[in-house]
Amino acid sequence: MFRRIAVILLPVALVGLVGTTVWGYQENQEKNALLIKAENQYQRAFHDLNFHVNKLQDELGKSLALGSRRQISQCLTNVWRLAYAAQSDLGQLPLSLVPFDKTEEFLAKIGQFSYQVGLRDLDREPLTDKEWNTLRSLYERSNQIQRDLQKLQSQVLEKNLRWMDVELALASEDKKMDNTIIDGFRRVDQLVNEYPEVDWGPTVNNMGMDRLQDHRKLKGKKITPEEAKKRLARMLDRPDTRGIEEVASGTKGDESTYSLRLKRGEHTVYADVTKVGGHVLWMMFDRPIGKKKMSLEQAEGRAEAFLDRLRYPFMEVVSYDEKDNAATFNLVRREGKVRIYPETVTVKVALDNGEVLAFSADEYVFNHRDRKIPKPKLSGEEARKRLSRRLRVQDQRLALIRNDQGKEVLCYEFLGMLGKSQYRVLINAQNGDEEVVEKLEKTDMERI
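FYI, in the working numbering the residues of the sequence shown are 41 to 488.
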């Protein structure tokens, strides 16, 4: 009887044993495949970091050598893009337990500085001596960071070091393991920490605190990374989120945005989406632009249609700039007959096919609200009397602006000619004070 039972159970046991072995083998294979995939992603992010820091240093050097203001502006735009890309690369490395805040902050401030200066009209406001010295300082310091990262990269390749070992060493605090990578990054961060303070200027120094306060004012529910990807997909008019990946959750000290990217051929789309409310703050697609095939009027129509699709209501073009076969439009929201200048959106359109290459809406997102616009105490005629008699007024309208103290004030906006130059003058509609006087360039003259 026992023999018969054994004859029956033995094949069953063997099948179970074989099944368990196969299952264990498959489980191990899947685990190894995941580890290999993670290792490859870490290796790629590290080599991308080296590449982006190397190119960033090149662009900073070019900005010091160039004489053309247009080319300097292009270099600084590239510096901003590369600094952001380097931060994204760092966000993909398993360095959460390594103190690397100073280097991340340094890259963030390089990006902020180059963005602010590069976006400015350098023909109207050339680089100051302070800004040039800041650029030179950034070039010298990024050169040292580049050399240290290249040295670390050589060690990684020569010793065939694995990033998964770094993750394991950090998690276990194993001091016997090869910590070349960890020590290398610590050395870079210590180097940055020992730098004398850079004179970034008041705009960049105050930007971090201002942005934190701005994010605290946002209303709405907190969204997930997947929802952020959907917001970007909608902006790009894509049917789904395939290919969109989260590269960083803000930077250390700023956990209020999801940073996303999408590879399109050899080029990449970058964007930031707020965690509260899910607003796309900015988007940039850096690709070569072909021969001009569109007029400015057609490009303006594309920019307006783009904002209509994203439900930005009553936007009005107030100025534009055309260079390198692309047109950049600044638009503000209009409420009745009043232009709301704090709610500004910028859209860059390629003139080869009308594609929107860049979008910036942080001013609109952080300043948009229902507001009670006060009635002017002065009439338009009374405000006009505050102007220079030599100014030949061509147009006037009401505009809400933010003054030097950061307060919103209602003004009469006058456009007029003084000789062959056109000026914009804003007179406070409540007390008649002169709030703004600026000379307009040709591109502004034709559009404002």
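Positions of the beta carbon are idealized from the N, C-alpha and C atoms, including for glycine. Please read these numbers as outputs of a predicted model, since none were measured by experiment.
**OP:** Go through its chain and collect everything with a Cβ distance to Leu96's Cβ below 7 Å, but skip five positions before and after it.
**Re:** Here residue 96 refers to the residue found at position 56 when the sequence shown is read from its first residue. Contacts found: Val119, Leu122, Ala123, Ala126, Ser182.
**OP:** Pull up the DSSP beta-bridge partners for His87, would you.
**Re:** Here residue 87 corresponds to residue number 47 of the sequence shown, with the count starting at 1. DSSP lists no beta-bridge partner residue for His87.
**OP:** Give the C-beta separation of Leu192 and Gly224 to the nearest angstrom, bearing in mind that I take them to be a contact with Cβ-Cβ under 8 Å.
**Re:** Against the sequence shown, residue 192 aligns to sequence position 152. Against the sequence shown, residue 224 aligns to sequence position 184. Indeed, because the Cβ distance is near 4 Å, the residues count as touching under 8 Å.
Original post:
Sorted by chain position, which residues of the same chain lie with C-beta nearer than 8 Å to Lys377's C-beta, five sequence neighbours on each side aside?
Top reply: As a working mapping, residue 377 is identified with position 337 in the sequence shown. Taken in chain order, the residues that qualify are Arg437, Leu438.
Original post:
Whole-angstrom Cβ separation of Tyr463 and Leu431, contact assumed at under 8 Å?
Top reply: Position 423 of the sequence shown, counted from the first residue, corresponds to residue 463. Position 391 of the sequence shown, counted from the first residue, corresponds to residue 431. About 7 Å separates the CB atoms of Tyr463 and Leu431; that is less than 8 Å, so the two are in contact.
Original post:
If you draw a straight line from the C-alpha of Arg342 to the C-alpha of Val396, how long is it?
Top reply: By 1-based counting over the sequence shown, the position of residue 342 is 302. By 1-based counting over the sequence shown, the position of residue 396 is 356. When rounded, the distance between both Cα atoms is 8 Å.
Subject >> Beta-carbon spacing of Arg320, Met275 below 8 Å >> reply: As a working note, residue 320 is residue 280 in the sequence shown. As a working note, residue 275 is residue 235 in the sequence shown. Arg is not the amino acid found at residue 320; the sequence shown has Val there. Closer than 8 Å, so yes.
Subject >> Leu347 and Val357 closer than 8 Å at C-beta >> reply: As a first step, residue 347 is located in the sequence shown; it is residue number 307 there, counting from the start. As a first step, residue 357 is located in the sequence shown; it is residue number 317 there, counting from the start. Cβ distance not < 8 Å, so Leu347 and Val357 don't count as in contact.
**OP:** State the Cα-Cα distance for the pair His92 and Gly459, rounded to the nearest angstrom.
**Re:** Here residue 92 refers to the residue found at position 52 of the sequence shown. Here residue 459 refers to the residue found at position 419 of the sequence shown. If you take the alpha carbons of His92 and Gly459, they lie about 48 Å apart.
Original post:
Apart from the five residues on each side of it in sequence, which residues of its chain come closer than 7 Å, Cβ to Cβ, to Leu350?
Top reply: Counting from 1 along the sequence shown, the entry for residue 350 is found at position 310. The answer, listed in chain order, is Met275.
Subject >> C-alpha gap between Leu106 and Ser335, whole angstroms >> reply: Taking the sequence shown and counting its residues from 1, one reaches residue 106 at position 66. Taking the sequence shown and counting its residues from 1, one reaches residue 335 at position 295. About 30 Å.
Original post:
Which same chain residues, not among the five before or five after Lys521, have their C-beta less than 6 Å away from its C-beta?
Top reply: Any property of residue 521 remains undetermined from this structure, which presents the chain solely from 41 to 488.
**OP:** Return no unless some Cβ of chain D is closer than 8 Å to the Cβ of Tyr463.
**Re:** Absent from the structure is chain D; it holds one protein chain and no more.
**OP:** Kindly indicate which three-state DSSP category Tyr352 falls into: helix, strand or coil?
**Re:** Stepping through the sequence shown from its first residue, residue 352 is reached at position 312. DSSP places Tyr352 in coil when its eight states are reduced to three.
Subject >> Same chain, Cβ closer than 6 Å to Ser154, five either side skipped, listed in chain order >> reply: Your numbering for residue 154 matches position 114 in the sequence shown. Once the five neighbours on either side are set aside, the close Cβ partners of Ser154 are Leu116, Val119, Trp120.
Original post:
According to the neighbour-count rule (16 or more other Cβ atoms, all chains shown, within 10 Å of its Cβ), is Lys447 buried or exposed?
Top reply: Residue mapping note: residue 447 aligns to position 407 of the sequence shown, counting from 1. Looking at its Cβ environment, which holds fewer than 16 other Cβ atoms inside 10 Å, Lys447 is exposed.
**OP:** Go ahead and pull the three-state DSSP assignment for Ser296.
**Re:** As a first step, residue 296 is located in the sequence shown; it is residue number 256 there, counting from the start. Per DSSP, reduced to three states, the secondary structure at Ser296 is coil, with no helix or strand assignment.
Original post:
Grouping DSSP H, G and I as helix and E and B as strand, with all else coil, what is Thr264?
Top reply: Your numbering for residue 264 matches position 224 in the sequence shown. Thr264 falls in the coil class under three-state DSSP.
Subject >> 8 Å contact criterion, which Ala367 and Ile329 should meet: CB distance rounded >> reply: In the sequence shown, the residue the question calls residue 367 occupies position 327. In the sequence shown, the residue the question calls residue 329 occupies position 289. In this structure Ala367 is not in contact with Ile329, their Cβ atoms being roughly 11 Å apart against a cut-off of 8 Å.
Original post:
Just curious, the alpha helix (DSSP H) that Gly420 is in, first and last residue?
Top reply: What you label residue 420 is simply residue 380 of the sequence shown in a count that begins at 1. From DSSP, the alpha helix (DSSP H) with Gly420 extends over 420-424.
Subject >> Counted within 10 angstroms of its Cβ, other Cβ atoms place Ala469 as buried (16 or more) or exposed >> reply: Reading the sequence shown from its first residue, position 429 is the one you call residue 469. Ala469 counts as buried, since at least 16 other C-beta atoms from the protein chains shown sit within 10 angstroms of its C-beta.
**OP:** Could you check how far apart the C-beta atoms of Ser299 and Val309 are, in whole angstroms? I think they sit under 8 Å.
**Re:** Your numbering for residue 299 matches position 259 in the sequence shown. Your numbering for residue 309 matches position 269 in the sequence shown. Incorrect: roughly 12 Å between the Cβ atoms, too far for contact.
Subject >> Straight-line gap, His408 to Arg282 (C-alpha atoms, nearest Å) >> reply: Here residue 408 is taken as the residue at index 368 of the sequence shown, counted from 1. Here residue 282 is taken as the residue at index 242 of the sequence shown, counted from 1. Distance between the alpha carbons of His408 and Arg282 is about 31 Å.
**OP:** Taking only the alpha-carbon atoms, compute the straight-line gap between Pro416 and Phe454 and give it to the nearest angstrom.
**Re:** Working through the sequence shown from its first residue, we reach residue 416 at position 376. Working through the sequence shown from its first residue, we reach residue 454 at position 414. Approximately 15 Å, taken between the alpha carbons.
**OP:** Output the boundary residues of the beta strand (DSSP E) element that contains Ala366.
**Re:** For the purposes of this step, residue 366 is taken as residue 326 along the sequence shown, with counting starting at 1. Segment 366-375, the beta strand (DSSP E) holding Ala366.
**OP:** Would you check if the distance between the CB atom of Gln313 and the CB atom of Ala268 is smaller than 8 Å?
**Re:** Looking up residue 313 in the sequence shown gives position 273. Looking up residue 268 in the sequence shown gives position 228. Sequence check: residue 313 is Val here, not Gln. Going by C-beta atoms, Val313 is nearer than 8 Å to Ala268.
Original post:
Given Asn471, which residues of its chain have a CB within under 6 Å of its CB, disregarding the five upstream and five downstream residues?
Top reply: Start at 1 with the first residue of the sequence shown, and residue 471 comes out as number 431. So the list is empty, once near-sequence residues are dropped.
Subject >> Asp250 burial status per 10 Å Cβ neighbour count (16 or more: buried) >> reply: The residue you call residue 250 lines up with position 210 of the sequence shown. Confidence at Asp250 is low in this model, with a pLDDT of 47, below 50, so its placement is unreliable and the value that follows should be read with caution. So Asp250 counts as exposed.
Subject >> For Leu167 and Asn246, the rounded distance between their alpha carbons >> reply: Here residue 246 refers to the residue found at position 206 of the sequence shown. Here residue 167 refers to the residue found at position 127 of the sequence shown. Note on Asn246: pLDDT 41, under 50, position unreliable in the model; the coordinate value appears next. Cα atoms of Asn246 and Leu167: separation of roughly 20 Å, rounded to the nearest angstrom.
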